[in-house]
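Here is the structure we will look at, set down as structure tokens.
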Amino acid sequence: MYISILLTLLSCRGEKEKNLNSGIQNKEIEIGQKLITEISEEERNFWAYDTLLFKEYTSSYGNKIQLKGSQSRDLYRISTKSKKGFNKNFDLTKNSYIASHSSILWDNDNYLFVRYGCGSPCWGGKILSLNNNQGTRDYKMYLFVDSVKNIIVYPEDGEYLVLENFAINKRSKVKFEFCQKSPTIYNLIDTIYSTSNKSVTVKYISNDCDKTKIKDINLN
Numbered sequence: 002m003y004i005s006i007l008l009t010l011l012s013c014r015g016e017k018e019k020n021l022n023s024g025i026q027n028k029e030i031e032i033g034q035k036l037i038t039e040i041s042e043e044e045r046n047f048w049a050y051d052t053l054l055f056k057e058y059t060s061s062y063g064n065k066i067q068l069k070g071s072q073s074r075d076l077y078r079i080s081t082k083s084k085k086g087f088n089k090n091f092d093l094t095k096n097s098y099i100a101s102h103s104s105i106l107w108d109n110d111n112y113l114f115v116r117y118g119c120g121s122p123c124w125g126g127k128i129l130s131l132n133n134n135q136g137t138r139d140y141k142m143y144l145f146v147d148s149v150k151n152i153i154v155y156p157e158d159g160e161y162l163v164l165e166n167f168a169i170n171k172r173s174k175v176k177f178e179f180c181q182k183s184p185t186i187y188n189l190i191d192t193i194y195s196t197s198n199k200s201v202t203v204k205y206i207s208n209d210c211d212k213t214k215i216k217d218i219n220l221n
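According to the numbering used here, the stretch in the sequence shown is residues 2 to 221, in order.
In structure tokens:
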């Protein structure tokens, strides 16, 4: 009889300890999940798309520029008041990676240029029109840009380079015979320089893969 009562007491005690431990573990899981949720929410608010003003300045060209974004100062939007008095808002991206790899390279009387990273290797440039309705133009993997002459060079269809004057909306597309040993053309371009607002000279590694050649791209 005594042994039976003792076994019953030990069994009840074991069940209580098991339930208590289970309750503690469940509580720890609940607390852990709550903590993870709270951290994720905090990080989301810190990095995610937002339009908080974090920098304001006037450029050397007299354009008033406001940089807006998340609490982490990632660039999602640019607001401008040009020297000519035009007010504009430009939503650049809602991608947190691109926002964290975006910066203004230059502005002039009519345009503002934002360079961004989009991976490895991946980059691009956005030209924002400050005074007219041209809006935003995106040039992914561009090779050359000139803020004085308002021209940009970028690849197209593998073997072609395009020269564009974004002020007058004219472009010229020229085929190049690049070295075929490289999977991309980006390391085959030695130099690009502008000779006017309608012409650039490209020095590149040609299809013989040993020598560089020079070719001009001219707007018609």
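Every residue, glycine too, gets a C-beta built ideally from N, C-alpha and C.
Residue from the options with nearest C-alpha to residue i
i    : options                : result
L54  : Q67, E44, G63          : Q67
L220 : S207, I153, T185       : I153
D51  : I79, Y155, S61         : I79
C210 : I193, T192, V203, E178 : E178
W124 : L144, N208, N133, T81  : L144
N133 : K212, S97, A168        : A168
V115 : K89, Y205, D139        : D139
L129 : G118, N88, R172, K176  : N88
Y98  : G118, K127, L113, T137 : G118
T137 : T213, T202, L113, T192 : L113
Alpha-carbon to alpha-carbon, residue j and residue i
i    : j    : result
E44  : Y77  : 17 Å
G63  : S83  : 7 Å
V1   : L162 : Here the chain has residues from 2 to 221 only, and residue 1 is not among them.
K216 : W48  : 45 Å
V146 : Q72  : 31 Å
T59  : K141 : 28 Å
E157 : G86  : 36 Å
N208 : S61  : 44 Å
D110 : L131 : 8 Å
E57  : C180 : 46 Å
F91  : N151 : 20 Å
S103 : G70  : 11 Å
For residue i, the three-state DSSP class (helix, strand or coil)
i    : result
E157 : strand
E165 : strand
F177 : coil
F47  : helix
C210 : coil
F87  : coil
N104 : Residue 104 is actually Ser in this sequence, not Asn. Strand, per DSSP.
M170 : According to the sequence displayed, residue 170 carries Asn and not Met. N170: coil per DSSP, three-state reduction.
L220 : coil
V146 : strand
Endpoints, beta strand (DSSP E) assigned at residue i
i    : result
I206 : 200 to 206
T94  : Looking at the DSSP string, T94 is not in any beta strand (DSSP E), and its letter there is neither H nor E.
E57  : 53 to 59
G125 : 123 to 130
K69  : 65 to 70
Y187 : Note, Y187: premise wrong, no beta strand (DSSP E); not H, not E.
R74  : R74 -> no beta strand (DSSP E), and no H or E assigned at all.
E118 : Rather than Glu, the amino acid found at residue 118 in this sequence is Gly. Where G118 is concerned, the enclosing beta strand (DSSP E) stretches over 112 to 120.
Burial state of residue i (16 or more Cβ within 10 Å)
i    : result
L106 : exposed
T196 : exposed
N188 : exposed
I37  : The predicted position of I37 is uncertain, since its pLDDT is 46 and thus under 50; a value taken from the coordinates is nonetheless stated next. Flag for I37 reads exposed.
D75  : buried
E165 : buried
Y194 : exposed
Boundaries of the alpha helix (DSSP H) in which residue i is found, first to last residue
i    : result
S101 : 97 to 101
Below-8 Å beta-carbon distance, residue i vs any chain C residue
i    : result
I152 : This model lacks chain C altogether, as it is built from one protein chain only.
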